[in-house]
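Each residue of the sequence shown is one higher than the one before, starting from 87 at the first, in my numbering.
Idealized CB from N, CA, C, for every residue including glycine.
Owing to the predicted nature of the structure, the values given are computational and were not obtained by experimental measurement.
Accompanying notes for the structure given below.
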Amino acid sequence: MASSVIHSKLPDSAAASVSRLSRFAPLGWAVVLLLAAGCGSMMSPFSLRIGQLMFFFAGLALAWNLMGGLAGYRSFGHAAFVGMGGFAAGLAEARFPDAAPSARLAIGAGAAVAWCAFSAALLAYPVLRLRGSYFAIAMLGLSHVASELTTNIDALGGAAGLMFASIVPAGMDTNLFFYEIFIAGVALILFLSWRVRRSRFGHGLLSIREDEDTARMLGVPTERYKAYVFVLSAVLTGLLGMAYAHSLGFVTAASLYRDELSLNIVVFAMLGGIGTLLGPAVGAVLLTLLVYVFLSAYPDVQLFVTGLVLVSIVLLAPDGLLGLLRRRLRKGSPS
Numbered sequence: 087m088a089s090s091v092i093h094s095k096l097p098d099s100a101a102a103s104v105s106r107l108s109r110f111a112p113l114g115w116a117v118v119l120l121l122a123a124g125c126g127s128m129m130s131p132f133s134l135r136i137g138q139l140m141f142f143f144a145g146l147a148l149a150w151n152l153m154g155g156l157a158g159y160r161s162f163g164h165a166a167f168v169g170m171g172g173f174a175a176g177l178a179e180a181r182f183p184d185a186a187p188s189a190r191l192a193i194g195a196g197a198a199v200a201w202c203a204f205s206a207a208l209l210a211y212p213v214l215r216l217r218g219s220y221f222a223i224a225m226l227g228l229s230h231v232a233s234e235l236t237t238n239i240d241a242l243g244g245a246a247g248l249m250f251a252s253i254v255p256a257g258m259d260t261n262l263f264f265y266e267i268f269i270a271g272v273a274l275i276l277f278l279s280w281r282v283r284r285s286r287f288g289h290g291l292l293s294i295r296e297d298e299d300t301a302r303m304l305g306v307p308t309e310r311y312k313a314y315v316f317v318l319s320a321v322l323t324g325l326l327g328m329a330y331a332h333s334l335g336f337v338t339a340a341s342l343y344r345d346e347l348s349l350n351i352v353v354f355a356m357l358g359g360i361g362t363l364l365g366p367a368v369g370a371v372l373l374t375l376l377v378y379v380f381l382s383a384y385p386d387v388q389l390f391v392t393g394l395v396l397v398s399i400v401l402l403a404p405d406g407l408l409g410l411l412r413r414r415l416r417k418g419s420p421s
């Protein structure tokens, strides 16, 4: 459905080009990600750390895009699930101090999935009754509530934070391990996003985004679909939060439940193109390189640049860079 709508808006030659590209897209993602993973052993520790952040942010933006791009429910508090995943993993792993690194990884991942799925399912009914800015603000409030609870309840980590034991296999470089973990996370989320978009479920989400009331009247189970994608987005975000917490080694509520992180996720998606398959990841990669590489010597202007990028995208390319590219392709192709 979605692809046919896009193609109908393009000239024949442009539509044919898009169709050919989309057919080979999965192979293209696989090649790019395999090349990135293969280059890891040749990269410096600094480059590996930048790569970790780049793929971590790309994964977060892609997971957010399932909810914000496909269903049209745009969260301003998705860092809540980053924190939930990280702290759930840390608390679960602390009960098995003698576990091997691989077992500790499995325990942490299982705890992050279970807690984020349970929390999202519990919150789905009240939160998803809200729409637009009300939903966005409710999610921002949820992130603040989760942060305060984590900070003030000692059993959840408290103000002292949590220390994480290593999940890195013996003999493997720590930076390289987490670099490849985040690449694997992006690969998983991209694959799931691709499958969802091509499914009846994905078409239902797109109809919710366009007109939820009409979709409901046409028989789309809107409440169930919204709950499903909310849980899926939360679980994937929580898994990334678990991996990120381990990469830091020590976390506090302030380091995971960050408003800045929630805002950046939205900016990444807007920069690349909300609702597109690859746009959020492209936006995350570009903005991470800009802020952490080209502006690393100017920390005082990083937030200013992020805001400037956001305003520029809203004014000049409201559909993101991929949307802008699509319009250029449409204009440049003969009718």
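Integer-rounded CB distance, given that residue j should sit under 8 Å from residue i
i, j, result
"residue 148", "residue 276", "6 Å"
"residue 268", "residue 329", "6 Å"
"residue 187", "residue 253", "5 Å"
"residue 152", "residue 337", "Wrong, their Cβ atoms sit about 25 Å apart, outside the cutoff."
"residue 271", "residue 172", "Actually they do not touch by this definition, with Cβ atoms about 14 Å apart."
"residue 156", "residue 292", "6 Å"
"residue 139", "residue 374", "6 Å"
"residue 154", "residue 399", "Residue 154 to residue 399, Cβ: 15 Å. No contact."
"residue 331", "residue 114", "With a Cβ gap of about 31 Å, residue 331 and residue 114 do not count as contacting."
"residue 232", "residue 303", "In fact, because the Cβ distance is near 36 Å, the residues do not count as touching under 8 Å."
"residue 387", "residue 381", "6 Å"
"residue 262", "residue 126", "5 Å"
"residue 123", "residue 266", "5 Å"
"residue 300", "residue 168", "Contact doesn't hold; Cβ gap of about 34 Å is too wide."
For residue i: DSSP bridge partner residues
i, result
"residue 304", "According to DSSP, which records beta bridges pairwise, residue 304 is partnered with nothing at all."
"residue 249", "336"
Own chain, CB closer than 8 Å to residue i, minus 5 neighbours either side, in chain order
i, result
"residue 358", "147, 364, 365, 366, 367, 368, 369, 370, 372, 406, 407, 408"
"residue 453", "Absent from the model: residue 453. The displayed extent of the chain is 87 to 421, so no value can be given."
"residue 391", "376, 377, 381"
"residue 356", "369, 396, 399, 400, 406"
"residue 216", "224"
Residues near residue i in its chain [Cβ-Cβ closer than 6 Å; skip 5 each side]
i, result
"residue 282", "288"
"residue 351", "146, 147, 150, 164"
"residue 87", "Below a pLDDT of 50, predicted positions are generally treated as unreliable, and residue 87, at 45, falls in that range; no measurement from the model is reported."
"residue 228", "163, 166"
"residue 295", "157, 158"
"residue 90", "For residue 90, the pLDDT reaches just 41, beneath the cut-off of 50, and the residue's location in the model is therefore unreliable, leaving the point undetermined."
"residue 211", "none"
"residue 174", "197, 198, 201"
"residue 141", "268, 269, 272"
"residue 389", "none"
"residue 249", "336"
Neighbourhood of residue i by C-beta distance below 7 Å, restricted to the same chain and skipping five residues each side
i, result
"residue 247", "336, 337, 338"
"residue 378", "136, 139"
"residue 354", "143, 147, 366, 369, 370, 373"
"residue 333", "138, 264"
"residue 422", "Outside the displayed span of the chain (87 to 421) sits residue 422, for which this structure offers no information."
Residue i CB to nearest heavy atom of the ligand SAH below 6 Å
i, result
"residue 250", "This structure lacks the ligand SAH; in fact it carries no ligand of any kind."
Discussion item. Quick test of the definition: if touching needs 3 or more C-beta pairs under 8 Å, does the stretch 193-201 touch the stretch 123-138?
Written reply: No contact exists between the stretch 193-201 and the stretch 123-138.
Discussion item. For the stretch 159-167 against the stretch 311-328, do three or more pairs of beta-carbon atoms, one drawn from each stretch, fall closer than 8 Å, so that the two count as touching?
Written reply: Note that the stretch 159-167 touches the stretch 311-328; at least 3 beta-carbon pairs, one per stretch, sit closer than 8 Å.
Fill in: Within the stretch 112-161, ranges of the alpha helix (DSSP H) (whole runs, at least 4 residues)
Listed in chain order, they are 131-151.
Worksheet item: Do three or more CB pairs link the stretch 175-194 to the stretch 242-256 at distances below 8 Å?
Response: Taking 8 Å as the limit for Cβ pairs, the verdict is that the stretch 242-256 does touch the stretch 175-194.
Item to complete: Tell me, please, whether the stretch 339-356 touches the stretch 231-242 by the rule of three or more beta-carbon pairs shorter than 8 Å.
Response: Yes, the stretch 339-356 touches the stretch 231-242.
Worksheet item: Which full runs of the alpha helix (DSSP H) of 4+ residues lie inside the stretch 178-262, going along the chain?
Response: Secondary structure within the stretch 178-262: the alpha helix (DSSP H) runs of 4 or more consecutive residues, fully enclosed, are 187-213, 218-238 (chain order).
Item to complete: Note down, one range per segment and in chain order, each alpha helix (DSSP H) of at least 4 residues found wholly within the stretch 339-421.
Response: Restricting attention to alpha helix (DSSP H) runs no shorter than 4 residues, the stretch 339-421 encloses them at 339-342, 345-358, 365-375, 388-402, 406-418, ordered along the chain.
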